[in-house]
Each structure stands twice: as structure tokens, then as C-alpha cells.
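Visitor: This structure is in C-alpha cells; I'll ask about it shortly.
In this note's numbering, the protein residues as written are 95 to 217.
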């Protein structure tokens, strides 16, 4: 859990899909809040929103987390390599990208299925 001391909460872009880009919905925004951060794209209990790269860039997230729906980390890497995203100058200009604050997680195991693993994700 992130320390909720003085200062703003970190701003997270949790992405459930990489082409097209999709934020997160349902229970993931609540997990982000429990972790002490601010979810930039998605509302608890709502459908996952689509977003554009310019929208992502304008939000200037502190962290970008790919939790692609139904995918392991390896499969997420494969999918990202098939997209034009990683070569886009707008993507490369994001401070989270330049400063190594982009993470790929096992969306299938920890985020995209309701059940006991959601508790593991919160922890």
C-alpha cells in the first residue's frame, strides 16, 4: 500500500487493453484507491472506457500499468509488440515511459476475474 502521507496520491493509468487503448472499470478503480492511488481512466462499477493516446498523454500519469484482460505478462508483451503504440513519439514522451514507470502485470490472474484473487491484488 502506498503511504498516504503529505502530498498528492500517485496517478495511475491502468489499461485493460492495448489496441485500442482501454482504461479499467468494474472493481479495478476500487483496487487502485485501496492501494492509495488515483485511477485516471475508469469508474468503479462502470464499463471499461476507450481512450486515445492523446488523452493518455494529456493526463500525464505517474504510472502506466498494463493489466490486459485475460492475458498473462508474456501475452501482453506479444500484443504490445504488435501495436504501433511503443513506436509513437507521444508514447515515448510520457514521463512514466521515460522514467521507467510502466509495468505489465498478469491481468488474467490478478485483475480481470472477480473472485478471491482480487483480494490478493489489493494486498
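Note that CB positions come from ideal geometry on N, CA and C, so glycine has one too.
Would you please state the rounded distance, in angstroms, between the beta carbons of residue 136 and residue 119? I believe it to be under 8 Å.
Guide: 5 Å
Visitor: Beta-carbon separation of residue 101 and residue 143 under 8 Å?
Guide: no
Visitor: Taking a contact to mean a Cβ-Cβ separation below 8 Å, would you say residue 158 touches residue 190 in this structure?
Guide: yes
Visitor: When you compare each of 197, 168 and 123 to residue 140 by their alpha carbons, which one comes out closest?
Guide: 123
Visitor: Do you know how far the Cα of residue 114 is from the Cα of residue 203?
Guide: 22 Å
Visitor: Which residues mark the beginning and the end of the alpha helix (DSSP H) in which residue 169 is found?
Guide: For residue 169, the uninterrupted alpha helix (DSSP H) run begins and ends at 167 to 176, by DSSP.
Visitor: Any idea which residues DSSP pairs residue 159 with across the strands?
Guide: Answer by DSSP bridge pairing, in chain order: 108 and 197.
Visitor: Alpha carbon to alpha carbon, how far is residue 184 from residue 171? Give it in angstroms, no decimals.
Guide: In a straight line, the C-alpha of residue 171 is about 19 Å away from that of residue 184.
Visitor: If I measure Cβ to Cβ from residue 166 and keep anything under 7 Å in the same chain, skipping five residues before and after, which residues do I get?
Guide: 200 and 202
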